[in-house]
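Take 1 as the starting number for the sequence shown in UniProt numbering and just add one per residue.
Glycine included, each C-beta is placed from N, C-alpha and C at the ideal position.
Small disclaimer: the values here were computed from a predicted structure and weren't measured.
Contents: one structure, followed by commentary.
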Amino acid sequence: MPAPRIPPIQCLLTFEALARLRSVTQAADELCVTPSAVSHRIRQLEEQLGVKLFGRADFSLTTEGSEYLAQVREALACLQRFPSRGATPGRRKLRLAVTPTFARSILMPRLRQFAEAYPEIDLTLQVSIPLLDVVAEDADLTIRFGTGRYQDVEFTCILKDEVTPLASPSFVREHGPFEKPEDLQGVPLLRSPLEPWRTWFAAHHLDWPEPADGSQFNDIGLMCDGAAAGMGVALVRLKLGAPWLDNGTLVRLYPHNVPSPHAHYLCWRAGAMERWECATFAAWLKQAVA
């Protein structure tokens with residue numbers, strides 16, 4: 001008689017998370033998968049076991065589900081205890097494609113924490129181009145910037161931001177004061193397809209067209225450097241612009257922020273999150289930038 005087949009570990013992890021959180025959305029967020037993936041894994045587990053694990057829409061457990069949950073948690077706890085602290089874990093390779101300014105402003109200041117927490121993971125960073133989605137084909141995980149409508153990969157939002165005009169202190173002294181939005185009229189506005197001015201114009205009820213003249217940048221970091229050099233006013237996401245604001249090379253022109261229509265997303269191919277190093281980095285990154 002053949003031995004019963006052990007359920008996939010991702011199904012067991014999903015069952016434990018859903019039983020604890022009682023929310024498909026929260027379980028998906030914790031596991032860095034889509035809600036549909038959570039539902040699929042639970043169905044797969046129930047079909048393999050031949051029992052119903054959840055009884056109602058509020059994800060309360062059936063009697064069989066409660067009994068199985070105790071066994072699953074005990075088994076997962078055993079797995080977490082090994083290898084022992086004295087053992088040397090095998091090296092894991094993880095290739096990450098990341099947009100340049102996100103890497104400079106968000107990832108690099110935090111990356112030492114990841115290296116210290118997970119010394120067994122060797123991380124390789126590669127550059128991707130925002131919006132154009134030009135990435136290294138061999139990347140395990142990719143950080144994209146855009147609207148979040150990706151058909152070819154699974155993804156989760158990791159960072160939303162707000163935009164506001166920034167300029168160098170000397171530029172403000174020369175062209176200011178900037179007391180109301182209309183004071184930007186006639187001032188050199190730096191342009192980028194990554195952050196159109198129309199978002200800020202519309203929020204301040206300015207019926208102005210998108211600037212067609214002036215310096216243009218396809219990288220927010222380069223645009224911040226241009227603004228810091230006095231080339232004009234840049235519309236910048238505050239979290240990405242933090243290094244320039246912190247060192248005083250850029251200053252805010254107005255106190256109010258406007259939500260950016262775009263965000264940063266962590267993306268991966270189907271099945272990637274079954275690898276421990278991918279799931280570990282994804283969970284760490286979401287917590288690090290929260």
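Residue environment, residue i, which counts as buried when at least 16 other CB atoms sit within 10 Å
| i | result |
| --- | --- |
| Arg85 | Low confidence applies to Arg85: its pLDDT is 46, below 50, so where it sits in the model is not reliable, and the reading given next is rough at best. Per the 10 Å Cβ criterion, exposed. |
| His186 | Going by the sequence as given, residue 186 is Gly instead of His. Classification for Gly186: exposed. |
| Ser170 | exposed |
| Ala277 | For clarity, residue 277 is Glu in the given sequence; the question names Ala instead. Classification of Glu277: buried, given that the 10 Å Cβ count is 16 or more. |
| Thr14 | buried |
| Leu159 | buried |
| Ala27 | buried |
| Leu79 | exposed |
| Ala37 | buried |
| Met108 | exposed |
| Leu280 | Note that residue 280 corresponds to Thr in the displayed sequence, not to Leu. Burial call: buried. |
| Glu195 | buried |
| Ile42 | buried |
| Asp246 | exposed |
| Ala87 | With a pLDDT of only 41 at Ala87, under 50, the local geometry of the prediction cannot be trusted, and no value is derived from it. |
| Ile106 | buried |
| Ile121 | buried |
| Met1 | With a pLDDT of 43 at Met1, under the threshold of 50, the modelled position of this residue cannot be trusted; read the value that follows with caution. Exposed. |
Nearest candidate by alpha-carbon position, reference residue i, set the options
| i | options | result |
| --- | --- | --- |
| Leu49 | Cys11, Pro259, Phe171, Glu120 | Cys11 |
| residue 302 | Pro196, Leu222, Arg237 | This structure cannot settle anything about residue 302, because the visible part of the chain is limited to 1 through 290. |
| His256 | Asp225, Leu285, Ala203 | Ala203 |
| Thr142 | Val251, Cys78, Phe102 | Phe102 |
| Asp138 | Val172, Glu195, Lys239, Val98 | Val98 |
| Arg191 | Val172, Glu182, Gly226, Gly176 | Gly226 |
| Arg95 | Arg275, Val289, His175, Gln44 | Arg275 |
| Pro248 | Pro181, Pro177, Val172 | Contrary to the premise, residue 248 reads as Gly rather than Pro in this sequence. Out of Pro181, Pro177, Val172, Val172 has the C-alpha closest to the C-alpha of Gly248. |
| Asp140 | Ala290, Met273, Cys32, Gln287 | Met273 |
| Glu47 | Pro119, Arg73, Ile6 | Ile6 |
| Gln216 | Pro193, Phe59, Arg198 | Pro193 |
| Phe145 | Arg91, Glu120, Asn218, Thr124 | Asn218 |
| Gly176 | Thr199, Leu253, Phe54 | Leu253 |
| Ala57 | Ser39, Glu74, Gln44 | Ser39 |
| Ala115 | Trp284, Val289, Glu74 | Trp284 |
| Val163 | Arg198, Leu76, Glu179 | Arg198 |
Expected contact under 8 Å - CB spacing of residue i and residue j to nearest Å
| i | j | result |
| --- | --- | --- |
| Asp161 | Arg104 | Incorrect: roughly 15 Å between the Cβ atoms, too far for contact. |
| Cys224 | Ala234 | 6 Å |
| Cys32 | Ala282 | 4 Å |
| Pro35 | Val24 | 5 Å |
| Pro220 | Leu250 | Residue 220 is actually Ile in this sequence, not Pro. Incorrect: roughly 12 Å between the Cβ atoms, too far for contact. |
| Gln113 | Ala288 | 7 Å |
Residue-chain proximity (residue i, chain B), Cβ-Cβ < 9 Å
| i | result |
| --- | --- |
| Ala27 | Included in the structure is just one protein chain, with no chain B present. |
Just to confirm the assignment: which complete alpha helix (DSSP H) runs, minimum length 4, are found wholly within the stretch 161-207?
169-175, 198-203
As an exercise, report each continuous beta strand (DSSP E) stretch of at least 3 residues that is fully enclosed by the stretch 49-130, in chain order.
If you keep only unbroken beta strand (DSSP E) runs of at least 3 residues inside the stretch 49-130, you get 92-98, 121-127.
Using 8 Å as the Cβ pair cut-off and three pairs as the minimum, do the stretch 258-274 and the stretch 16-30 touch?
no
Between the stretch 111-130 and the stretch 205-214, do at least 3 Cβ pairs fall closer than 8 Å?
no
Contact between the stretch 164-179 and the stretch 223-238 is defined here as three or more beta-carbon pairs at a separation below 8 Å; is this criterion met?
yes
The stretch 266-285 touching the stretch 149-159, judged by at least three CB pairs closer than 8 Å:
yes
Can at least three beta-carbon pairs, one atom from the stretch 59-69 and one from the stretch 186-199, be found at a separation below 8 Å?
no
What are the uninterrupted segments assigned as alpha helix (DSSP H) that are 4 or more residues long and contained completely in the stretch 7-39, given in chain order?
9-21, 24-31
Beta strand (DSSP E) segments (min. 3 residues) lying fully within the stretch 198-260:
234-237
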